[in-house]
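What follows is a single structure, written as structure tokens, with notes after it.
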Amino acid sequence: MARYTGPVCRLCRRDGMKLFLKGFRCDSTKCAIDRRPNPPGQQLSRRSKLTDYGIHLREKQKVKHYYGVLERQFRRYFEKAVHSRGNTGDALLGFLERRLDNVVYRMGFGASRSAARQLVNHGHVTVNGRRCDIASSMVNTGDVIRVKNRAKSLDLVRGVLAEHGRDVPDFLSVSAGDIPEGIVSRLPVAEDASLPIQTQLIVELCSR
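Throughout the sequence shown, residue numbering follows full-length UniProt numbering, covering 1 to 208 in sequence.
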């Protein structure tokens with residue numbers, strides 16, 4: 001499966017904001033964008049102002065980097081959102097928020113979305129009692145996401161929960177008992193996204 005393997009701090013600097021791609025490091029003094037807020041690369045003085053296309057493109061790239069999806073997968077989500085009822089941009093964010101790796105991250109089981117994706121891929125979580133190792137799986141209302149009842153899985157998640165608490169969004173309810181688990185109370189909407197996104201710019205770009 002294709003994935004980005006380059007330096008993720010470079011992506012935050014390029015987009016000009018924290019995307020929280022390195023988990024706890026992003027909240028520390030070691031965060032790259034705090035120390036070097038300028039975009040990556042040389043000859044900054046020669047760079048001209050972003051064009052209208054560049055503004056639209058940066059907004060799309062920001063969302064892709066934040067949720068950890070590549071171009072082909074992002075286009076699939078957009079096509080699905082186009083054929084959905086209601087606002088296309090809101091539907092797009094709703095689909096991205098429903099990804100299993102994103103839900104595991106928002107529950108606080110993973111330090112970052114990439115760490116949450118690894119938890120899913122390695123079979124450390126179950127959905128409604130069944131093992132699910134597909135990070136892009138879509139959750140539905142009433143789904144129960146639970147850490148697998150084995151020592152290795154529990155130690156990984158408990159370590160993250162103990163080190164760094166995270167505010168759980170309204171569409172999820174989490175119980176950090178002997179076996180951490182969470183329930184999808186409702187389907188997420190655009191307002192549940194934890195990143196300020198101008199979806200209209202993305203829709204305009206992808207509709208060209």
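We put the beta carbon where it would ideally sit given N, CA and C, even for glycine.
Residue i - DSSP class collapsed to helix/strand/coil
i	result
Thr88	helix
Pro172	Before going on, a small fix: residue 172 reads as Leu here, not Pro. In this structure, Leu172 counts as strand in the three-state DSSP scheme.
Val69	coil
Thr51	coil
Arg36	coil
Val189	coil
Lys18	coil
Ile202	helix
Leu96	helix
Leu57	helix
Leu11	helix
Residue from the options whose Cα sits closest to the Cα of residue i
i	options	result
Lys93	Met138, Glu163, Tyr53, Gly123	Per the sequence shown, residue 93 should be read as Leu rather than Lys. Of Met138, Glu163, Tyr53, Gly123, the residue nearest in Cα terms is Met138.
Glu181	Lys148, Lys49, Glu97	Lys148
Val189	Arg58, Gly159, Gln198, Phe171	Phe171
residue 283	Ser173, Asn38, Arg76, Ala115	Limits of the chain in this structure are 1 at one end and 208 at the other, which puts residue 283 out of reach.
Gly54	Arg14, Val184, Asp192	Arg14
Ala176	Leu96, Val104, Arg85	Val104
residue 223	Arg158, Asn87, Lys18, Ser207	This structure cannot settle anything about residue 223, because the visible part of the chain is limited to 1 through 208.
Gly16	Leu70, Arg75, Gln61, His164	Gln61
Asn102	Ala151, Ala135, Leu57, Thr51	Ala135
Arg146	His164, Ser153, Thr126, Val184	Thr126
7 Å Cβ cutoff met for residue i and residue j
i	j	result
Val144	Asn128	yes
Pro169	Arg106	yes
Gly89	Val203	yes
Glu79	Leu201	no
Val8	Ile197	no
Asp192	Glu97	yes
His65	Leu19	yes
Tyr67	Phe95	no
Ala91	Val160	no
His56	Leu205	yes
Arg131	Gly123	yes
Arg10	Pro40	yes
Those residues which DSSP pairs with residue i across a bridge
i	result
Glu79	Note: Glu79 sits in no beta bridge, so no partner.
Ile183	Val144, Ser173
CB contact check: residue i to chain B, cutoff 7 Å
i	result
Arg14	Given the protein chain composition of this structure (a single chain), no chain B is represented.
Secondary structure, beta strand (DSSP E): runs of 3+ residues fully inside the UniProt domain "RNA-binding S4" (98 to 162): Whole beta strand (DSSP E) segments, 3+ residues: 125 to 127, 144 to 147.
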